[in-house]
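As structure tokens, the structure follows; a few thoughts come after it.
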Amino acid sequence: MPGEEYVFIGHCWGSLLAFEASHRLKAEGIAEPRHLFLSGCSAPHLIRPRGVSNGMQGEASVIGCQPVEEYRAPFNREPLRARFSVFTGKKDEHALVDHLAEWSRYTAKICDVHVCEGDHRYWQSDSNKWLQLAQTIVEREYLI
Numbered sequence: 021m022p023g024e025e026y027v028f029i030g031h032c033w034g035s036l037l038a039f040e041a042s043h044r045l046k047a048e049g050i051a052e053p054r055h056l057f058l059s060g061c062s063a064p065h066l067i068r069p070r071g072v073s074n075g076m077q078g079e080a081s082v083i084g085c086q087p088v089e090e091y092r093a094p095f096n097r098e099p100l101r102a103r104f105s106v107f108t109g110k111k112d113e114h115a116l117v118d119h120l121a122e123w124s125r126y127t128a129k130i131c132d133v134h135v136c137e138g139d140h141r142y143w144q145s146d147s148n149k150w151l152q153l154a155q156t157i158v159e160r161e162y163l164i
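Residue 96 in the numbering used here sits at position 76 of the sequence shown, with consecutive numbering throughout.
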């Protein structure tokens with residue numbers, strides 16, 4: 021992707037994966053994503069390991085990753101240059117509305133917070149609304 025702009029979208033642990041992948045790319049001298057859409061996930065320093073389901077145990081080690089139950093946010097990294105848009109459902113017990121603004125610690129740009137109706141899987145009830153919002157943000161910010 022040299023010279024190309026891109027965004028990452030993640031939900032729950034996928035948000036954390038997008039965040040960590042962005043730092044990894046930056047460390048390797050590869051352009052960071054322009055925007056991170058992070059959904060259903062607290063800021064890294066607020067994550068409380070809950071363990072993983074039996075179906076996922078061992079999967080992280082198979083692909084050479086740290087298991088999510090052992091994840092601890094590094095505190096001494098430079099903020100990313102990507103803009104963040106963070107999403108949660110009003111009733112999400114994993115990504116509390118009051119905690120979402122904490123993602124702003126990890127970006128040198130803007131961090132927008134969007135609260136949707138529903139719980140952790142708020143996007144299932146109206147996925148078009150969520151995708152339209154993400155598309156609107158991309159079009160407004162990056163397309164002329």
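Note that the Cβ used here is the ideal one computed from N, Cα and C, for glycine as well.
Note that the structure is a prediction, hence the values are computed from the model and not measured.
*asked:* Quick check on the DSSP output: the alpha helix (DSSP H) that includes Leu153 runs from which residue to which?
replied: By one-based count along the sequence shown, residue 153 stands at place 133. 147-162 is the span of the alpha helix (DSSP H), which, as asked, contains Leu153.
*Under the DSSP definition of a beta bridge, which residues are partnered with His55?*
Locating residue 55 in the sequence shown gives position 35, where the first residue counts as 1. Val27, Arg103, per the DSSP bridge assignment.
*Rank Ser147, Leu100, Ala63, Pro64 by C-alpha distance to the C-alpha of Gly49 and give the top, closest one.*
Walking along the sequence shown from the start, residue 49 turns up at place 29. It is Leu100.
_Classification of Ala102 by the beta-carbon crowding that lies within 10 angstroms, buried from 16 upward_ = Position 82 of the sequence shown holds residue 102. By the 16-neighbour rule on beta-carbons within 10 angstroms, Ala102 is buried.
*Under the three-state reduction of DSSP, which class applies to Asp139: helix, strand or coil?*
The sequence position of residue 139 within the sequence shown is 119, counting from 1. In this structure, Asp139 counts as coil in the three-state DSSP scheme.
*Report yes if the C-beta distance between Trp123 and Ala63 is below 7 Å; otherwise report no.*
The residue labelled residue 123 in the question sits at position 103 within the sequence shown. The residue labelled residue 63 in the question sits at position 43 within the sequence shown. Yes, the pair counts as a contact, with Cβ atoms nearer than the cut-off.
*asked:* For Pro53, count the other beta carbons within 10 Å of its own beta carbon; 16 or more makes it buried, fewer makes it exposed. Which is it?
replied: Within the sequence shown, numbered from 1, the residue matching residue 53 stands at position 33. Buried is the call here.
*When the Cα of Leu58 is compared with those of Val27, Ala93, Ala47, which residue comes out closest?*
Here residue 58 refers to the residue found at position 38 of the sequence shown. Leu58 has its Cα closest to that of Val27, out of Val27, Ala93, Ala47.
*asked:* Within 10 Å of its beta-carbon, does Asp118 have 16 or more other beta-carbons around it, so buried, or fewer, so exposed?
replied: Residue numbering aside, residue 118 sits at position 98 when the sequence shown is read from its first letter. Exposed is the call here.
*Where Tyr142 and Cys136 are concerned, what is the direct C-alpha to C-alpha distance, given to the nearest angstrom?*
By 1-based counting over the sequence shown, the position of residue 142 is 122. By 1-based counting over the sequence shown, the position of residue 136 is 116. If you take the alpha carbons of Tyr142 and Cys136, they lie about 7 Å apart.
*asked:* DSSP has Asp112 in a bridge; who is on the other side?
replied: Sequence index remark: in the sequence shown, residue 112 carries index 92 (1-based). None, per the DSSP bridge assignment.
*Can you say whether Leu116 is buried or exposed, counting buried as having 16 or more other CB atoms within 10 angstroms of its CB?*
The count along the sequence shown starts at 1 and reaches residue 116 at position 96. So Leu116 counts as exposed.
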